[in-house]
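One structure is given below, encoded as structure tokens.
Protein chains in written order, with the numbering used here: chain A, 796 to 1114; chain B, 42 to 413; chain C, -1 to 145.
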């Protein structure tokens, strides 16, 4: 029963959806503060390569090395986001072009490739990886066993993050402040909130989350480093935020939905299904488009939940 | 403290200085990165410059790299001018290549000029058709075109793969037993090979591909379209303010579709050029590895969406790309090209700020002295 | 400046724009309405008052018979307000019908020949500007009983 295709796809869906979830949470934070970060793909790739580097080069117990690797991934992702924040908040550059520039800079033909090849990280398996664990020994339960209790620690970490982000936005003072910044920076400014600082902080946090998401690929899903191994997950994450209506809980649902689509081709292939793999491989991308259209078009008259100042640089008008 | 003051006028010299300066500053930063990772930046740059422009045949090779960049750059410029962020030039190029290859294969019996003409038309149609999807989604469903066009890039790459690697399609070469095992596209017939003009001064001449000439022609046409026609005026108004456009009675939906398809057509033409000028078959791996569509965005942004600037910048960045290929190996770090491209964009973005604002250092006002 | 007229015969020929003619028109309008800018200045960089003059110039240049002016002087400084009022008065004297919509009661009382007050989507009263007081109008605006 636990080997049935449905269960396997669901379990893999959770696994494949985890990087999407991390990246989406990060993007959600950035967008709530009014900053559109299109560089998520690049940040994920940097996190993937640097996390992998940490695992290959740092010596110690498996747990320690993996923890450090996640930290490294988060740090490097955040650093990259710092560039975006600087360009967009301080220099008031066009957020779309800046994000694209970051993806080109750090992406599959850029910095991540440079680092990966220069540091000789290709063609080798990870020395430590996040293996699935047997949580509470419940992995053998029918159906929900492998899906809920047999996942790598990263998955559980992502759940904690969802809860944390949701509570942060809804219940804490800084969380409410950042929402104000995203809705109306002028009003927030007048209330004494430092708009720039909030935007910097949340953009960097977004990058850190994206970095961790990228590390999911190189430390858990594959676990190996290949140039461009995220193949567009960062972009899907951006779309994910939109149709999660900027709510963390819905990000989780959406991430697993797309994770399932991503997992489907591999599962089917393992079963010997011989329909052209490309058809299934295109499903996540097509699904993204379809859902995005539905959200933008009929179901909601306005973009429910979009921070009003998203994408607009804030300039304090001095006359 | 630093104060940003809006500029009233944009000094002419800045318009040139910013892109040039961006490239220089970017090279500087990249040099630091190189040095930090144990490479000699001067050495690397020297070799870069040589392979790009100086070495034997380098200029011709640079034109080979520059041609697709010019097309995708023009495609991006066309759309971005209207704040329509068509990131899908990559996929539109692929579809142009698919369509043009089909035309070349099918019509090979016709006289050469006709074959080439049909490839050009097919390329434009293929690219425009792929661009129509995000266009309609944006025009009628207000769907964000950045994500849709980007997702379609991935889908287009998969289609390309499917046609050559995983099916027995019209495009696939099944003539030799070797081709059965190592899939590749059918070779395009001679009549589908685009001619190149050779300019000889002494020794090996400069080979100018037909595609490059076409790109220049397209640049001229686009420039005329945008600066001299009503359509161009409407594009500018739409780009500046959607509300003003509506007030003036401009049909926004039509413009979105028109501009997107125009952009796609130009990118598709780039794909046709890839088939006819350089590869002579449908080459999924080569096309997707090159990332012309994304690089075109860098070109367009640097050139500030000016068509002639695009061609010029495409030439420069083509040199960079060309050098990157030639030098690939243990000695020259791969991925450097993307790093430099990204850095150039960052500097250009920062430079934009200089254009719009004047930076002034304002001393904090001294505390008012006591007394009269 | 050519936002509404660019399709007309003197500003376009077929699909092409007559740029020289457009520029000449713009320069003339700039002179006539005393706009602090040149024909090539980007509109985004103009100050509020200047921008409003540009809008006025553009609308007047089409020689409309009816003009709807909604909050035409909001956010402008005193001098700019005076200029705008002057143009509106001249245009009205020249036969243009102007529907002035504004929340600035002083402005309305200064310019209007007839004053109509609306509340919750319905017309609740008409007032003669020569004798009316701000209080009276305010009461009507807030839904007070008709006098």
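Where a beta carbon is used, it is the ideal one built from N, C-alpha and C, also for glycine.
Bridge partners for residue i per DSSP, in chain order?
i                      : result
residue 95 of chain C  : C/64
residue 115 of chain C : C/123
residue 14 of chain C  : B/270, C/11
residue 927 of chain A : A/947
residue 920 of chain A : A/1019
Please state whether the Cβ-Cβ distance between residue i and residue j is less than 7 Å.
i                       : j                       : result
residue 817 of chain A  : residue 953 of chain A  : yes
residue 41 of chain B   : residue 389 of chain B  : The first residue shown for chain B is 42 and the last is 413, placing residue 41 of chain B beyond what the model contains.
residue 307 of chain B  : residue 115 of chain B  : yes
residue 192 of chain B  : residue 1061 of chain A : no
residue 1043 of chain A : residue 965 of chain A  : no
residue 972 of chain A  : residue 958 of chain A  : no
residue 1023 of chain A : residue 903 of chain A  : yes
residue 119 of chain B  : residue 282 of chain B  : no
residue 1005 of chain A : residue 838 of chain A  : yes
residue 103 of chain B  : residue 359 of chain B  : yes
residue 859 of chain A  : residue 923 of chain A  : no
residue 293 of chain B  : residue 1087 of chain A : no
residue 869 of chain A  : residue 1007 of chain A : yes
residue 876 of chain A  : residue 1002 of chain A : yes
residue 384 of chain B  : residue 71 of chain B   : yes
residue 147 of chain C  : residue 138 of chain C  : Since the first residue of chain C shown is -1 and the last is 145, residue 147 of chain C is not available in this structure.
residue 392 of chain B  : residue 73 of chain B   : no
residue 418 of chain B  : residue 130 of chain B  : Residue 418 of chain B is absent from the model: chain B starts at 42 and stops at 413.
residue 96 of chain C   : residue 65 of chain C   : yes
residue 89 of chain B   : residue 286 of chain B  : no
residue 334 of chain B  : residue 113 of chain B  : yes
Using the beta-carbon count (16 or more within 10 Å), is residue i buried or exposed?
i                       : result
residue 186 of chain B  : buried
residue 95 of chain B   : exposed
residue 92 of chain C   : exposed
residue 244 of chain B  : Confidence at residue 244 of chain B is low in this model, with a pLDDT of 49, below 50, so the placement of that residue should be treated as unreliable; the coordinate-derived value is given next. It is exposed - the Cβ of residue 244 of chain B has fewer than 16 other Cβ atoms within 10 Å.
residue 84 of chain B   : exposed
residue 940 of chain A  : buried
residue 15 of chain C   : buried
residue 1083 of chain A : buried
residue 919 of chain A  : exposed
residue 1076 of chain A : buried
residue 128 of chain B  : buried
residue 967 of chain A  : exposed
residue 1114 of chain A : Reliability fails at residue 1114 of chain A, whose pLDDT of 33 lies under 50, so the model's placement of it is uncertain and the value that follows must be treated cautiously. Flag for residue 1114 of chain A reads exposed.
residue 1030 of chain A : buried
residue 318 of chain B  : buried
residue 23 of chain C   : buried
residue 179 of chain B  : buried
residue 253 of chain B  : buried
residue 117 of chain C  : exposed
residue 54 of chain B   : exposed
residue 109 of chain B  : buried
Say yes only if the C-beta of residue i is nearer than 6 Å to one or more non-hydrogen atoms of the ligand NAD, and no if none qualify.
i                      : result
residue 861 of chain A : Looking for the ligand NAD in the displayed structure turns up nothing, as the structure carries no ligands at all.
- prompt: How about the segment 797 to 816 of chain A and the segment 1050 to 1062 of chain A: do they share at least three Cβ pairs that are nearer than 8 Å?
  reply: At 8 Å Cβ cutoff, the stretches touch.
message: Beta carbons nearer than 8 Å to chain A: which residues of the segment 116 to 136 of chain B have them?
response: Along the segment 116 to 136 of chain B, going in chain order, the ones with a CB nearer than 8 Å to a CB of chain A are 126, 128.
Under 8 Å (Cβ pairs) to chain B, residues found in the segment 12 to 34 of chain C: Residues of the segment 12 to 34 of chain C that bring their beta carbon within less than 8 Å of a beta carbon in chain B comprise 13, 14, 15, 17, in sequence order.
message: To be precise: take each residue of the segment 86 to 104 of chain B, compare its Cβ to all Cβ atoms of chain A, and keep it if any distance is under 8 Å. Which residues remain?
response: none
At least 3 beta-carbon pairs within less than 8 Å: the segment 322 to 334 of chain B vs the segment 284 to 301 of chain B: no
- request: Report the residues of the segment 868 to 890 of chain A with a CB closer than 8 Å to any CB of chain B, ordered along the chain.
  value: Against chain B - using a Cβ distance shorter than 8 Å - the residues of the segment 868 to 890 of chain A are 878, 882, 886, 887, 888, 889.
- prompt: Between the segment 897 to 917 of chain A and the segment 839 to 846 of chain A, do three or more beta carbon pairs fall short of 8 Å?
  reply: Under the Cβ criterion (8 Å, minimum of three pairs), the segment 897 to 917 of chain A counts as touching the segment 839 to 846 of chain A.
query: Should the segment 70 to 83 of chain C be called in touch with the segment 45 to 57 of chain C, which here means at least 3 C-beta pairs below 8 Å?
result: yes
- prompt: Taking Cβ-Cβ distances below 7 Å as the criterion, which residues of the segment 317 to 344 of chain B are in contact with chain C?
  reply: none
message: Is it the case that the segment 130 to 138 of chain B contacts the segment 167 to 174 of chain B, given that we only count it when at least three CB pairs across the two stretches are under 8 Å?
response: yes
message: Any C-beta of chain C within less than 7 Å: which residues of the segment 252 to 274 of chain B qualify?
response: Against chain C - using a Cβ distance shorter than 7 Å - the residues of the segment 252 to 274 of chain B are 269, 270, 271, 272, 274.
task: Using a Cβ-Cβ cut-off of less than 9 Å, list which residues of the segment 1018 to 1046 of chain A approach chain B; keep chain order.
output: So the close ones are 1022, 1026, 1027, 1030, 1031, 1033, 1034, 1037.
Contact residues within the segment 895 to 928 of chain A, judged by C-beta distance below 9 Å to chain B: Those residues of the segment 895 to 928 of chain A placed with their C-beta closer than 9 Å to a C-beta in chain B are 895, 896, 897, 898, 899, 900, 901, 902, 903, 904, 905, 906, 907, 908, 909, 910, 911, 912, 913, 914, ordered along the chain.
query: If you pair each beta-carbon of the segment 1013 to 1021 of chain A with each one of the segment 886 to 895 of chain A, do three or more pairs fall below 8 Å?
result: Contact between the segment 1013 to 1021 of chain A and the segment 886 to 895 of chain A is absent, because fewer than three Cβ pairs lie under 8 Å.
message: Quick check: the segment 823 to 837 of chain A against the segment 990 to 1001 of chain A, are at least 3 beta-carbon pairs closer than 8 Å?
response: yes
- prompt: Looking at chain B, which residues of the segment 1052 to 1076 of chain A have a Cβ within less than 9 Å of any of its Cβ atoms?
  reply: Listed in chain order, the positions of the segment 1052 to 1076 of chain A with a beta carbon within less than 9 Å of a beta carbon of chain B are 1071, 1072, 1073, 1074, 1076.
query: Between the segment 382 to 393 of chain B and chain A, which residues of the former have a C-beta closer than 9 Å to a C-beta of the latter?
result: Cβ contacts with chain A come from 382, 383, 384, 385, 386, 387, 389, 390, 391, 393.
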